[in-house]
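Working notes, beginning with the structure itself.
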Amino acid sequence: MKIIMLGAPGAGKGTQAKKISDKFAIPHISTGDIFRANIKNDTELGKKAKTYMDQGLLVPDELTCDLVVDRISEDDCKNGFILDGFPRTIPQAECLTEALNARNEKMDYAINVDVPDENIISRMSGRRACLNCGATYHIVNIPTKKPGICDRCGEPVVLRDDDQPETVKKRLDVYHAQTKPLIDYYGDQGILKTVDGTQPMETVFEEIVKMLEA
Ligand code: AP5
Ligand code: ZN
């Protein structure tokens, strides 16, 4: 099964993608996590990506497309994968469609996690992320068992650099201008499913599983 997660920043794409990846045993590919890992390791890609991410802007398509096309060509993606945070622009979607066409394959589902802008800012200011393993928490909705410590790996959890309120507003503007058109793109391909992302995390997950198993 090949799945794309669509939705505004903070809609809960990452939270759901991890659960879907576990349930269906397919790799979770998050371009945001890949960039953050590169920043942590101070690679050339990380240095370039950070200048855009810290401003709430998208990393240029030419730094992003090949990375994902290479990643989905790896062995562990043979039975499917879930893309989280990619594609994010129409050119990225076209690049993905072309790469799959060349292998006589196509995406199966694009799941749009729908959350209005009003809810996004409070979610992001409460989010805490583990930069070591990628796990995500929320100080109120999804707290860590021990304060400030990742349940999965025991490392500290932090507010992401791009979760400052001004940067979140910029990311929302960028989402509306550049990413939202993908809803129609995948609607036209007939693979779009929309879930109400304002519901509790478990309810959102159950609804997605029902859509995928229908
Ligand atoms: P990325 O890491 O992809 O960030 P994003 O899309 O902005 O998404 P987020 O990770 O912020 O949110 P999410 O939807 O995954 O929500 P989460 O599950 O964490 O990208 C970061 C940056 O990298 C971009 O700005 C860009 O610069 C660059 N980048 C990445 N990919 C790129 C690409 N393809 N092209 C160009 N640039 C790219 O949930 C949010 C919070 O809400 C958490 O605290 C969570 O615990 C909580 N929560 C989740 N679900 C619920 C619920 N149902 N109820 C209550 N709280 C919930
Ligand atoms: Zn961790």
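Using the UniProt record's numbering, read the sequence shown as starting at 1 and increasing by one per residue. All C-beta atoms in this analysis are idealised placements derived from N, C-alpha and C, irrespective of residue type, glycine included.
Cβ of residue i versus every heavy atom of the ligand ZN: is any distance shorter than 8 Å?
i: alanine 135; result: yes
i: arginine 152; result: yes
i: glutamate 74; result: no
i: valine 157; result: yes
Please name the residue or residues paired with residue i in a DSSP beta bridge.
i: isoleucine 111; result: Met5, Lys193
Taking only the alpha-carbon atoms, compute the straight-line gap between residue i and residue j and give it to the nearest angstrom.
i: aspartate 117; j: alanine 135; result: 23 Å
i: arginine 123; j: histidine 138; result: 7 Å
i: proline 143; j: asparagine 101; result: 42 Å
i: arginine 36; j: lysine 48; result: 11 Å
i: cysteine 65; j: alanine 17; result: 20 Å
i: threonine 97; j: arginine 103; result: 10 Å
i: histidine 28; j: isoleucine 208; result: 16 Å
i: lysine 50; j: isoleucine 39; result: 7 Å
i: isoleucine 20; j: phenylalanine 205; result: 8 Å
i: asparagine 119; j: lysine 13; result: 14 Å
i: glycine 56; j: isoleucine 26; result: 29 Å
i: proline 9; j: valine 195; result: 15 Å
i: alanine 214; j: cysteine 95; result: 29 Å
i: alanine 129; j: cysteine 77; result: 26 Å
i: valine 115; j: glutamine 199; result: 9 Å
i: glycine 154; j: asparagine 112; result: 32 Å
i: valine 174; j: proline 147; result: 33 Å
What do you reckon, are the CB atoms on residue i and residue j nearer than 9 Å?
i: isoleucine 82; j: methionine 5; result: yes
i: alanine 11; j: glycine 197; result: yes
i: glutamine 178; j: arginine 88; result: yes
i: threonine 167; j: aspartate 84; result: no
i: leucine 45; j: tyrosine 52; result: no
i: valine 158; j: isoleucine 149; result: no
i: isoleucine 121; j: lysine 169; result: yes
i: glycine 80; j: lysine 2; result: yes
Less than 8 Å between the CB of residue i and some heavy atom of the ligand SAM, yes or no?
i: histidine 176; result: This structure does not include the ligand SAM; its bound ligands are the ligand AP5 and the ligand ZN.
Return yes when at least one heavy atom of the ligand AP5 lies under 8 Å from the C-beta of residue i, else no.
i: asparagine 132; result: no
i: serine 30; result: yes
i: asparagine 38; result: no
i: glycine 80; result: no
i: glutamine 16; result: yes
i: valine 59; result: yes
Assuming residue i and residue j make a contact with CB atoms under 8 Å, what is their CB distance in whole Å?
i: tyrosine 186; j: alanine 110; result: 4 Å
i: isoleucine 183; j: leucine 192; result: 7 Å
i: aspartate 61; j: proline 91; result: 5 Å
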